[in-house]
Amino acid sequence: MRVAILTLSDSGYTGQREDKSGPVIRQMVEAAGYTVVHTELLPDGIDPLRGVLSTLCDEDVCDLILTTGGTGFSPSDVTPEATMAVVERPAPGIAEAMRYHSLQITPRAMLSRAAAGIRKGTLIVNLPGSPKAVTECLEYILPSLAHGLEVLRGMTGNCART
Numbered sequence: 001m002r003v004a005i006l007t008l009s010d011s012g013y014t015g016q017r018e019d020k021s022g023p024v025i026r027q028m029v030e031a032a033g034y035t036v037v038h039t040e041l042l043p044d045g046i047d048p049l050r051g052v053l054s055t056l057c058d059e060d061v062c063d064l065i066l067t068t069g070g071t072g073f074s075p076s077d078v079t080p081e082a083t084m085a086v087v088e089r090p091a092p093g094i095a096e097a098m099r100y101h102s103l104q105i106t107p108r109a110m111l112s113r114a115a116a117g118i119r120k121g122t123l124i125v126n127l128p129g130s131p132k133a134v135t136e137c138l139e140y141i142l143p144s145l146a147h148g149l150e151v152l153r154g155m156t157g158n159c160a161r162t
C-alpha cells in the first residue's frame, strides 16, 4: 500500500522547527510494509492542505494519507476542517479509536479534534502533532487500517468484523 505523509506546521514550513513527527510516521509505516510515495511539509491553513489532499486522492497517488499536526485547539489548527472539506465519506471510527486509546494514557486526548475519511480510493487520517502521540495512535490503528485499505481498494471482501 502507498502512503503519503503530510506535516502541518507554520514553524516547520518556515524552517524554524524540525519536523519530528513525519519521520516517525515514515519509520512506522515502512516497518509495517507500506511504501511511502509522498511527503510534504505544509503551513497551517485550510486551503494549502485541501489542495494537496484533493490532488493526492484525485490523481490516485496513494492509498493512505496520514497527516500530522493541526488537530488541537489553536486558531491555526484546522487540519480536521480541511480534511472534512475534501472527504466524500467520513470514517469517524478511526479518530474515535485513537481518542479512546489515547484517553487510557492522558485525559488531554479528549482535546483532539482529529478526523478521518475517504475520498475516491484514498483513506485520509489525521494524527496528532507530537511524535509520542503519533507513535501511540499509529501502533493502535495500523493493524486495522490494513484491512480497511484492502476493502477500500477491492482487494478483499467487505467485512467489518474480522
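When we follow full-length UniProt numbering, the leftmost residue of the sequence shown carries the number 1, and every step to the right adds one.
Backbone N, C-alpha and C fix where the C-beta goes; we use that ideal spot for every residue, glycine too.
query, result
"Environment of T83 [buried if 16+ CB atoms lie within 10 Å]", "buried"
"Per-residue DSSP class, three states only, for G129", "coil"
"Under the three-state DSSP convention, the category E136 falls into", "helix"
"In chain order, each beta strand (DSSP E) run of at least 3 residues that lies wholly inside the UniProt domain \"MoaB/Mog\" (4–148)", "35–42, 64–68, 116–119, 122–127"
"Exposed unless 16 or more other CB atoms sit within 10 angstroms - verdict on I105", "exposed"
"Residue closest to M1, alpha-carbon to alpha-carbon, out of D58, A31, D77, A97", "A31"
"Option nearest P43 by Cα separation, candidates V78, D58, T35", "V78"
"8 angstroms contact criterion, which G129 and T71 should meet: CB distance rounded", "7 angstroms"
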